[in-house]
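Below is one structure, written out as structure tokens; comments come after it.
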Amino acid sequence: MEQGKAIAVRRERVDEAAAGQRIDNYLLRICKGVPKSHVYRILRSGEVRVNGGRVAPTYRLAENDEIRIPPIRLAEKTTSGPAPAGEPLPVVFEDEALLVVDKPSGKAVHGGSGVSFGVIEQLRSQRPDARLLELAHRIDRETSGLLVIAKKRSALTALHDMMREGRVEKRYLTLVPGRWANPLQHIKEPLFKYLTAEGERRVRVSGDGKASHSIVRLVRRWSRFSLLEVELKTGRTHQIRVHLAHLGFPLCGDDKYGDFALNKSLEAEGLKRMFLHAARLSFAHPLTGEAITLTADLPAELQSFLVHLDTTEPRKHA
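Start counting the sequence shown at 1; every next residue gets the next number (full-length UniProt numbering).
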């Protein structure tokens, strides 16, 4: 392993893009290759100064703050290269503060967990002049549809507040096996997140879990399947997948909580992915307050499977 290199004292001036970010997250971002434990050590020891004084790791930066960063040893850059640019992602909405894309299924929103590059790395590679590109929320790798990226720190902070307070309306389309009966149904089962023995993240309904709320609307129904719209009032990990599986309606194509034998037969019929699509977002613009409603059509592979159902089995009216 090659030895890293030491650098001299750095002084950074906080610009608008970084304003509002926690000092620990800021340092982790700009000090590439420095172990997380070392970043927290220099913060706790007071070696990092903001405007000449010590700050806690939770301190939120203000525009024009001056940060003193002590000499630290940086790891040598790897030769893995930049994120591959890939095909441009479909842009649904963009202004000076926000970018909303229609994410394809199979693409992670960020690198990690065995994935080298995700949507955010791809966007940063394609837009090298962008001052800031940060995920405002996340959707599962297997899920397609609307994903919001902030281009300003102020917009990111406001969006996080709005989502935490339930002021962003998110609606998804999903296909489940069986005949869903109720035109409208609220699911309020608490969800508990845990790790399997293999270290994989999973979620289950549990009394000691976090409060969760999904609103399910019946859209269409066939003899063997139902197309549902699910509105998220909370944004728990795997919420739609676990809520519906708990009620006996696992998502078609779900490789974590689904009916694996059914999934195999659906592959032969043409459905080769999880049927879950982030179809609609409604919210007030985080900076202007303007009402925004965005939609993304079902991807061709999901739409074609619904056409297949129309031609192969009787349709039941809701």
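Built from N, CA and C at the ideal position, the CB exists for glycine as well.
Original post:
Does the distance from the C-beta atom of residue 67 to that of residue 50 stay below 8 Å?
Top reply: Translated into the one-based positions of the sequence shown, residue 67 becomes position 67. Translated into the one-based positions of the sequence shown, residue 50 becomes position 50. Cβ distance < 8 Å, so residue 67 and residue 50 count as in contact.
**OP:** Answer with buried or exposed for residue 250, where buried requires no fewer than 16 other C-beta atoms within 10 angstroms of its C-beta.
**Re:** Looking up residue 250 in the sequence shown gives position 250. So residue 250 ends up on the buried side.
Subject >> Beta-bridge partners of residue 53, as assigned by DSSP >> reply: As a working mapping, residue 53 is identified with position 53 in the sequence shown. Bridge partners of residue 53: 50.
**OP:** Report yes or no: do three or more beta-carbon pairs, one from the segment 139-147 and one from the segment 282-300, lie closer than 8 Å?
**Re:** yes
**OP:** Please state if the CB of residue 168 and the CB of residue 281 are separated by a distance shorter than 8 Å.
**Re:** Taking the sequence shown and counting its residues from 1, one reaches residue 281 at position 281. Taking the sequence shown and counting its residues from 1, one reaches residue 168 at position 168. A contact, by the Cβ cut-off of 8 Å.
Original post:
Is it a yes or a no for the segment 253-266 touching the segment 205-212, going by three-plus beta-carbon pairs under 8 Å?
Top reply: no
Original post:
Can you tell me whether residue 80 is buried or exposed, with buried defined as 16 or more other CB within 10 angstroms of its CB?
Top reply: For the purposes of this step, residue 80 is identified with residue 80 of the sequence shown, where counting begins at 1. Because the pLDDT at residue 80 is just 45, under 50, the model does not fix this residue reliably, and the point stays unresolved.
**OP:** Measuring alpha carbon to alpha carbon, tell me which of 129, 137, 140 and 214 ends up nearest residue 243.
**Re:** As a working mapping, residue 243 is identified with position 243 in the sequence shown. Checking every option, the nearest Cα to that of residue 243 belongs to 214.
**OP:** Decide if residue 36 is buried, meaning its Cβ has at least 16 other Cβ atoms within 10 Å, or exposed.
**Re:** Along the sequence shown, read from residue 1 onward, the residue named residue 36 stands at position 36. Result: exposed.
Original post:
Apart from the five residues just before and just after residue 62, which ones in its own chain have a Cβ nearer than 7 Å to its Cβ?
Top reply: For the purposes of this step, residue 62 is identified with residue 62 of the sequence shown, where counting begins at 1. Cβ within range, chain order: 14 and 19.
**OP:** Alpha carbon to alpha carbon, how far is residue 186 from residue 320? Give it in angstroms, no decimals.
**Re:** There is no way to answer for residue 320, as the model of the chain reaches only from 1 to 318.
Subject >> Exposure label - residue 113; buried when at least 16 CB within 10 Å >> reply: The residue given as residue 113 occupies position 113 in the sequence shown. Confidence at residue 113 is low in this model, with a pLDDT of 49, below 50, so the placement of that residue should be treated as unreliable; the coordinate-derived value is given next. Exposed.
**OP:** Determine, using beta carbons only, whether residue 134 and residue 69 come nearer to each other than 8 Å.
**Re:** For the purposes of this step, residue 134 is taken as the residue at position 134 of the sequence shown. For the purposes of this step, residue 69 is taken as the residue at position 69 of the sequence shown. Contact: no.
**OP:** Tell me, please, which residues DSSP counts as bridged to residue 103.
**Re:** The sequence position of residue 103 within the sequence shown is 103, counting from 1. According to DSSP, residue 103 bridges with 145.
Original post:
Would the segment 194-201 and the segment 158-172 be scored as touching if the rule is three or more Cβ pairs under 8 Å?
Top reply: no
**OP:** Taking only the alpha-carbon atoms, compute the straight-line gap between residue 205 and residue 235 and give it to the nearest angstrom.
**Re:** Working through the sequence shown from its first residue, we reach residue 205 at position 205. Working through the sequence shown from its first residue, we reach residue 235 at position 235. Cα to Cα, residue 205 sits roughly 15 Å from residue 235.
Original post:
In three-state DSSP terms, what is residue 157?
Top reply: Here residue 157 refers to the residue found at position 157 when the sequence shown is read from its first residue. Residue 157: helix per DSSP, three-state reduction.
Original post:
Tell me the DSSP bridge mates of residue 185?
Top reply: Counted from its first residue, the sequence shown places residue 185 at position 185. DSSP output for residue 185 lists 216 as bridge partner(s).
Original post:
Do the CB positions of residue 253 and residue 275 come within less than 8 Å of each other?
Top reply: On the sequence shown, residue 253 is found 253 positions in, with the first residue counted as 1. On the sequence shown, residue 275 is found 275 positions in, with the first residue counted as 1. Yes, the Cβ-Cβ distance between residue 253 and residue 275 is below 8 Å.
Original post:
Under a three-way DSSP split, which group does residue 110 fall into?
Top reply: As a position in the sequence shown, residue 110 is number 110, starting the count at 1. Residue 110 falls in the coil class under three-state DSSP.
Subject >> Nearest residue (CA-CA) to residue 106, options 273, 279 and 123 >> reply: As a first step, residue 106 is located in the sequence shown; it is residue number 106 there, counting from the start. Checking every option, the nearest Cα to that of residue 106 belongs to 273.
Original post:
Just to confirm, are residue 139 and residue 120 a CB contact at a threshold of 8 Å?
Top reply: What you label residue 139 is simply residue 139 of the sequence shown in a count that begins at 1. What you label residue 120 is simply residue 120 of the sequence shown in a count that begins at 1. Cβ distance not < 8 Å, so residue 139 and residue 120 don't count as in contact.
Original post:
Quick one: what does DSSP say residue 230 is sitting in, helix, strand or coil?
Top reply: The residue labelled residue 230 in the question sits at position 230 within the sequence shown. Reduced to three states, the DSSP call for residue 230 is strand.
**OP:** Name the one or two DSSP bridge partners that residue 282 has.
**Re:** By one-based count along the sequence shown, residue 282 stands at place 282. For residue 282, which the question treats as bridged, DSSP gives the partners 169 and 293.
Original post:
Buried or exposed: which applies to residue 129, given that a residue is buried once 16 or more other Cβ atoms fall within 10 Å of its Cβ?
Top reply: Working through the sequence shown from its first residue, we reach residue 129 at position 129. Exposed, since its Cβ has fewer than 16 Cβ neighbours within 10 Å.
Original post:
Hey, out of 304, 237, 216 and 181, whose CA is closest to residue 270's CA?
Top reply: On the sequence shown, residue 270 is found 270 positions in, with the first residue counted as 1. If we check each option's Cα against that of residue 270, 304 comes out closest.
Subject >> Backbone CA spacing between residue 283 and residue 45 [nearest angstrom] >> reply: On the sequence shown, position 283 is the one that residue 283 refers to. On the sequence shown, position 45 is the one that residue 45 refers to. In a straight line, the C-alpha of residue 283 is about 42 Å away from that of residue 45.
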